[in-house]
Amino acid sequence: SNQFHGRSLLAESDLTPAELNYLVDYGLHLKAEAQQNIHTPLLAGKNIALLFEKGSTRTRSAFTTAAFELGANPVFLGKDDIHLFYKESLEDTAKVLGRMYDAIEYRGFKQETVEDLAKYSGVPVWNGLTDDWHPTQTIPDLMTIKENFGTFEGIKLTYLGDARNNVAHSLLVGAAMVGLNVAMVAPEDLQPAFGVVELAQQYAEESGAKIEVTEDLAEGLAKANVVTTDVWVSMGEDKWAERIKALLPYQLNQAALEKTGNIDGKLIVLHCLPAFHDLETKVGQKIYAEFGLKELEITDEVFRSKYGRQFDEAENRKHGIKAIMAATLGSQFIPKI
Ligand code: CP
Ligand code: NVA
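Positions 7 to 343 (the UniProt record's numbering) are the ones given, in order, by the sequence shown.
Here it is as structure tokens:
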């Protein structure tokens, strides 16, 4: 049987911890198959709408290429291409898409939008990032950790920086579910929301994960095996001066890596990307002109170091998303892994 069949993935908490673990393993299984050039058309004949209210490189590409390899037809519907929010309501759009597509991916602002899409469309909906959660990032991130360490048990992940955003919240909850020890290190105002910490603590009681939320870099980084961060200003925000001032001490740099005590041991660096580690971009030039900084949440040195696994992580978006789509939209049977 397939307990995922017909379900949506709007947040990590839509899954049981066992189901989250399964999707991580299923993603790695599909990756191993893809590396042998095995692409099973588990979604042959399915139509998938890819709705984007915000920009994307990885999520859009992962859904598109994964859908193609599963035999499905992905259709990109960008915010400027369709009537949504401009002259057609979410409810009507969802009802129409539900009549034509077998499933919908949505990236945008409000969590409520992705929930309403699921409610009115009647087909599985996948959250490709909202202001609140990023579950199609969590699964590939956990895949990358498992790929490197073979287990979550006894492994510690430390997140530095804006620990109150979608990626941070999702990673905290996901880690707690699978029993990965996790430290969220940020100034008080940018620590995870109270309700999210509470939810993570509930999962941690079951999984045995140890959760730390702290302002103290030495404490949070001690014994970390995975150090990660995310942009300081997320899509839809514009608080550069304020965030740079608050978060510069929480930059993922060589000094931070040294605080893990694992420089010569088990240590990797992740970043969901895009990352602000050089001056090449338009935003990079603007930040340099205004603040005189060439790198923000991660230094170029750490980004290019032997610890960096961010491009494996990006690749894993594709395989993880494949697992999510195949499980929820595929056949009545899923493999035992
Ligand atoms: N990590 C991530 O979601 O990347 P994109 O914004 O490029 O999709
Ligand atoms: N927190 C970032 C993640 C981008 C993948 C944002 O929401 O912009």
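Using N, Cα and C, we set each Cβ at its ideal position, and we do this for glycine too. The structure displayed is predicted, hence computed values, not measured ones.
Per-residue burial, residue i [other beta carbons within 10 Å of its own, 16 or more giving buried]
| i | result |
| --- | --- |
| residue 6 | Outside the displayed span of the chain (7 to 343) sits residue 6, for which this structure offers no information. |
| A100 | buried |
| Q257 | buried |
| G226 | buried |
| M190 | buried |
| I269 | exposed |
| S14 | buried |
| E18 | buried |
| A50 | exposed |
| Q338 | exposed |
| H140 | buried |
Extent of the continuous alpha helix (DSSP H) to which residue i belongs
| i | result |
| --- | --- |
| V232 | It is not in any alpha helix (DSSP H) - V232 instead sits in the beta strand (DSSP E) that spans 232-235. |
| I330 | 316-335 |
| P23 | 23-41 |
| N154 | 141-155 |
| N172 | 172-184 |
| W132 | Careful: W132 lies outside any alpha helix (DSSP H), inside the beta strand (DSSP E) at 131-133. |
| F69 | 64-75 |
| L227 | 223-227 |
7 Å Cβ cutoff met for residue i and residue j
| i | j | result |
| --- | --- | --- |
| D108 | N53 | yes |
| Y112 | I343 | no |
| A206 | N187 | no |
| L83 | F69 | no |
| K10 | A333 | It should be noted that the sequence gives Phe, not Lys, for residue 10. The answer is yes: Cβ separation under 7 Å. |
| T235 | E303 | yes |
| I293 | V232 | no |
| S95 | I110 | no |
| A169 | A199 | no |
| N27 | I340 | no |
| V239 | W246 | yes |
| L36 | H277 | no |
| P23 | M183 | yes |
| V120 | L16 | yes |
Nearest to residue i (by Cα), restricted to the options the options
| i | options | result |
| --- | --- | --- |
| L254 | F282, A230, K229, H277 | F282 |
| T142 | S127, Q197, T157, A174 | A174 |
| A230 | I161, G77, A199, A206 | I161 |
| K328 | G290, F115, R105, P47 | P47 |
| I151 | G185, V131, W132, H140 | G185 |
| Q316 | N154, P23, W238, V289 | N154 |
| A124 | E94, G104, H89 | G104 |
| T305 | G290, V289, D284 | D284 |
| R323 | G12, L34, A24 | L34 |
| E204 | S213, V179, L196, D222 | V179 |
| L166 | I340, P341, N259, G326 | N259 |
Extent of the continuous beta strand (DSSP E) to which residue i belongs
| i | result |
| --- | --- |
| K93 | It is not in any beta strand (DSSP E) - K93 carries neither H nor E in the DSSP assignment. |
| V8 | Residue identity differs from the one stated: residue 8 is Asn in this sequence, not Val. Run containing N8: none; DSSP gives neither H nor E here. |
| E218 | 217-220 |
| Y112 | 109-113 |
| M190 | 187-191 |
| Y165 | 162-166 |
| F82 | 79-84 |
| V275 | 274-277 |
| L56 | 53-58 |
Near the ligand ZN: residue i beta-carbon under 6 Å from a heavy atom
| i | result |
| --- | --- |
| N187 | In terms of ligand content, the structure shown lacks the ligand ZN and carries the ligand CP and the ligand NVA instead. |
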